[in-house]
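Position one of the sequence shown corresponds to residue 161 (the numbering used here), numbered consecutively onward.
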Amino acid sequence: MTHYFDESFVVAICFVAFIYLAYQPVRKAILASLDARIQEIKDKLEETETIRNDAKKLLDDLEHKMSDFEARKQVILDSAEVTTKRLVETKTQEMELLLARKKESAVKFIENQKTKATAAMRDEFTESVLNMVRTYLVETKNNSVSDEEIINHFIKK
(Lines of atoms letter the chains of each structure in order from A and count residues from 1; the text may use other names and numbers.)
(Lines give C-alpha, C1' and ligand atoms only; values in the text may rest on other atoms or scores of the structure.)
Protein backbone atom coordinates (compact mmCIF):
# COMPACT_ATOMS: atom_id res chain seq x y z
CA MET A 1 0.00 0.00 0.00
CA THR A 2 1.12 3.43 -0.81
CA HIS A 3 1.45 5.98 1.70
CA TYR A 4 -0.40 9.22 0.95
CA PHE A 5 1.56 11.31 3.34
CA ASP A 6 4.88 10.95 1.73
CA GLU A 7 7.30 13.76 1.43
CA SER A 8 6.30 15.22 -1.95
CA PHE A 9 2.64 15.21 -0.94
CA VAL A 10 3.42 17.09 2.27
CA VAL A 11 5.63 19.54 0.35
CA ALA A 12 2.79 20.09 -2.13
CA ILE A 13 0.29 20.63 0.68
CA CYS A 14 2.70 23.01 2.45
CA PHE A 15 3.32 24.85 -0.82
CA VAL A 16 -0.42 25.25 -1.39
CA ALA A 17 -0.85 26.39 2.23
CA PHE A 18 2.07 28.82 1.83
CA ILE A 19 0.61 30.20 -1.38
CA TYR A 20 -2.80 30.51 0.27
CA LEU A 21 -1.36 32.23 3.36
CA ALA A 22 0.92 34.48 1.27
CA TYR A 23 -1.92 35.25 -1.14
CA GLN A 24 -4.26 36.62 1.57
CA PRO A 25 -2.15 39.70 2.51
CA VAL A 26 -1.07 40.22 -1.09
CA ARG A 27 -4.69 39.89 -2.18
CA LYS A 28 -5.73 42.51 0.38
CA ALA A 29 -2.95 44.83 -0.81
CA ILE A 30 -3.91 44.26 -4.46
CA LEU A 31 -7.60 44.80 -3.70
CA ALA A 32 -6.80 47.91 -1.65
CA SER A 33 -4.65 49.22 -4.51
CA LEU A 34 -7.38 48.43 -7.04
CA ASP A 35 -10.02 50.01 -4.79
CA ALA A 36 -7.85 53.13 -4.45
CA ARG A 37 -7.38 53.22 -8.23
CA ILE A 38 -11.13 52.72 -8.77
CA GLN A 39 -11.89 55.51 -6.28
CA GLU A 40 -9.33 57.76 -8.00
CA ILE A 41 -10.95 57.06 -11.38
CA LYS A 42 -14.41 57.69 -9.88
CA ASP A 43 -13.18 60.99 -8.39
CA LYS A 44 -11.68 62.01 -11.73
CA LEU A 45 -14.90 61.04 -13.50
CA GLU A 46 -16.92 63.01 -10.96
CA GLU A 47 -14.57 65.99 -11.36
CA THR A 48 -14.80 65.67 -15.14
CA GLU A 49 -18.58 65.50 -14.93
CA THR A 50 -18.58 68.59 -12.70
CA ILE A 51 -16.31 70.42 -15.13
CA ARG A 52 -18.50 69.32 -18.04
CA ASN A 53 -21.62 70.53 -16.23
CA ASP A 54 -19.93 73.83 -15.39
CA ALA A 55 -18.83 74.21 -19.01
CA LYS A 56 -22.36 73.42 -20.20
CA LYS A 57 -23.77 75.96 -17.74
CA LEU A 58 -21.25 78.56 -18.91
CA LEU A 59 -22.11 77.79 -22.53
CA ASP A 60 -25.83 78.14 -21.79
CA ASP A 61 -25.18 81.43 -19.96
CA LEU A 62 -23.05 82.66 -22.84
CA GLU A 63 -25.68 81.68 -25.41
CA HIS A 64 -28.34 83.42 -23.31
CA LYS A 65 -26.18 86.54 -23.06
CA MET A 66 -25.53 86.40 -26.81
CA SER A 67 -29.26 86.21 -27.52
CA ASP A 68 -29.83 89.10 -25.08
CA PHE A 69 -27.05 91.00 -26.83
CA GLU A 70 -28.62 90.35 -30.23
CA ALA A 71 -31.99 91.51 -28.93
CA ARG A 72 -30.47 94.66 -27.41
CA LYS A 73 -28.50 95.27 -30.60
CA GLN A 74 -31.69 95.04 -32.64
CA VAL A 75 -33.49 97.40 -30.24
CA ILE A 76 -30.62 99.89 -30.51
CA LEU A 77 -30.58 99.64 -34.30
CA ASP A 78 -34.36 100.08 -34.49
CA SER A 79 -34.17 103.05 -32.13
CA ALA A 80 -31.33 104.58 -34.16
CA GLU A 81 -33.31 104.10 -37.36
CA VAL A 82 -36.39 105.77 -35.86
CA THR A 83 -34.28 108.59 -34.46
CA THR A 84 -32.55 109.06 -37.80
CA LYS A 85 -35.86 109.19 -39.67
CA ARG A 86 -37.24 111.67 -37.15
CA LEU A 87 -34.09 113.79 -37.44
CA VAL A 88 -34.26 113.72 -41.24
CA GLU A 89 -37.93 114.75 -41.14
CA THR A 90 -37.21 117.54 -38.66
CA LYS A 91 -34.28 118.86 -40.67
CA THR A 92 -36.32 118.62 -43.89
CA GLN A 93 -39.11 120.67 -42.31
CA GLU A 94 -36.59 123.19 -41.00
CA MET A 95 -35.03 123.48 -44.48
CA GLU A 96 -38.47 123.91 -46.07
CA LEU A 97 -39.32 126.66 -43.56
CA LEU A 98 -35.95 128.32 -44.16
CA LEU A 99 -36.44 128.17 -47.93
CA ALA A 100 -39.97 129.57 -47.58
CA ARG A 101 -38.65 132.43 -45.44
CA LYS A 102 -35.82 133.08 -47.90
CA LYS A 103 -38.28 133.05 -50.81
CA GLU A 104 -40.63 135.41 -48.97
CA SER A 105 -37.70 137.66 -48.10
CA ALA A 106 -36.50 137.63 -51.71
CA VAL A 107 -40.01 138.44 -52.99
CA LYS A 108 -40.29 141.33 -50.51
CA PHE A 109 -36.82 142.54 -51.50
CA ILE A 110 -37.75 142.39 -55.19
CA GLU A 111 -41.02 144.24 -54.52
CA ASN A 112 -39.14 146.84 -52.50
CA GLN A 113 -36.54 147.26 -55.24
CA LYS A 114 -39.33 147.45 -57.83
CA THR A 115 -41.08 150.16 -55.79
CA LYS A 116 -37.80 152.06 -55.41
CA ALA A 117 -37.03 151.72 -59.13
CA THR A 118 -40.56 152.85 -60.03
CA ALA A 119 -40.27 155.85 -57.73
CA ALA A 120 -36.82 156.67 -59.10
CA MET A 121 -38.07 156.37 -62.68
CA ARG A 122 -41.15 158.48 -61.85
CA ASP A 123 -38.97 161.12 -60.21
CA GLU A 124 -36.55 161.06 -63.13
CA PHE A 125 -39.43 161.21 -65.62
CA THR A 126 -41.03 164.09 -63.73
CA GLU A 127 -37.70 165.91 -63.60
CA SER A 128 -37.18 165.33 -67.32
CA VAL A 129 -40.68 166.59 -68.16
CA LEU A 130 -40.18 169.66 -65.97
CA ASN A 131 -36.83 170.34 -67.62
CA MET A 132 -38.39 169.96 -71.03
CA VAL A 133 -41.23 172.33 -70.10
CA ARG A 134 -38.75 174.86 -68.69
CA THR A 135 -36.67 174.57 -71.82
CA TYR A 136 -39.76 175.03 -73.94
CA LEU A 137 -40.86 178.01 -71.93
CA VAL A 138 -37.42 179.56 -72.09
CA GLU A 139 -37.28 178.99 -75.81
CA THR A 140 -40.78 180.36 -76.36
CA LYS A 141 -40.11 183.22 -74.00
CA ASN A 142 -43.28 182.49 -72.11
CA ASN A 143 -42.07 183.39 -68.64
CA SER A 144 -45.33 184.76 -67.43
CA VAL A 145 -46.29 181.35 -65.98
CA SER A 146 -44.46 180.29 -62.83
CA ASP A 147 -43.06 176.82 -62.18
CA GLU A 148 -45.72 176.21 -59.57
CA GLU A 149 -48.49 176.99 -61.96
CA ILE A 150 -47.03 174.60 -64.52
CA ILE A 151 -46.73 171.84 -61.92
CA ASN A 152 -50.25 172.41 -60.64
CA HIS A 153 -51.54 172.42 -64.20
CA PHE A 154 -49.86 169.02 -64.89
CA ILE A 155 -51.00 167.58 -61.57
CA LYS A 156 -54.62 168.44 -62.27
CA LYS A 157 -54.53 166.63 -65.58
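Where is the CB? At the ideal position from N, CA and C, for every residue including glycine.
Keep in mind the model is a prediction, meaning the values are calculated, not measured.
CA-CA distance, residue i and residue j?
{"i": "Met161", "j": "Asp195", "result": "Because the pLDDT at Met161 is just 43, under 50, the model does not fix this residue reliably, and the value given afterwards should be weighed accordingly. When rounded, the distance between both Cα atoms is 51 Å."}
{"i": "Val242", "j": "Lys233", "result": "14 Å"}
{"i": "Glu206", "j": "Leu181", "result": "37 Å"}
{"i": "Glu299", "j": "Ala277", "result": "32 Å"}
{"i": "Asp166", "j": "Ile173", "result": "11 Å"}
{"i": "Thr252", "j": "Ala240", "result": "18 Å"}
{"i": "His224", "j": "Glu264", "result": "59 Å"}
{"i": "Glu200", "j": "Leu191", "result": "14 Å"}
{"i": "Ala279", "j": "Gln273", "result": "10 Å"}
{"i": "Phe229", "j": "Asp221", "result": "12 Å"}
{"i": "Leu342", "j": "Asp283", "result": "Shown here, the chain extends from 161 to 317; a query on residue 342 therefore has no answer."}
{"i": "Ile179", "j": "Arg197", "result": "25 Å"}
{"i": "Lys202", "j": "Tyr183", "result": "27 Å"}
{"i": "Arg294", "j": "Met281", "result": "19 Å"}
{"i": "Lys216", "j": "Ser193", "result": "34 Å"}
{"i": "Asn291", "j": "Met255", "result": "52 Å"}
Within a Cβ cutoff of 6 Å, which residues of the same chain sit near residue i, ignoring the five residues on either side of it in sequence?
{"i": "Thr286", "result": "none"}
{"i": "Thr244", "result": "none"}
Taking 8 Å as the limit between beta carbons, can you name the residues of its chain near residue i, skipping five residues before and five after?
{"i": "Thr210", "result": "none"}
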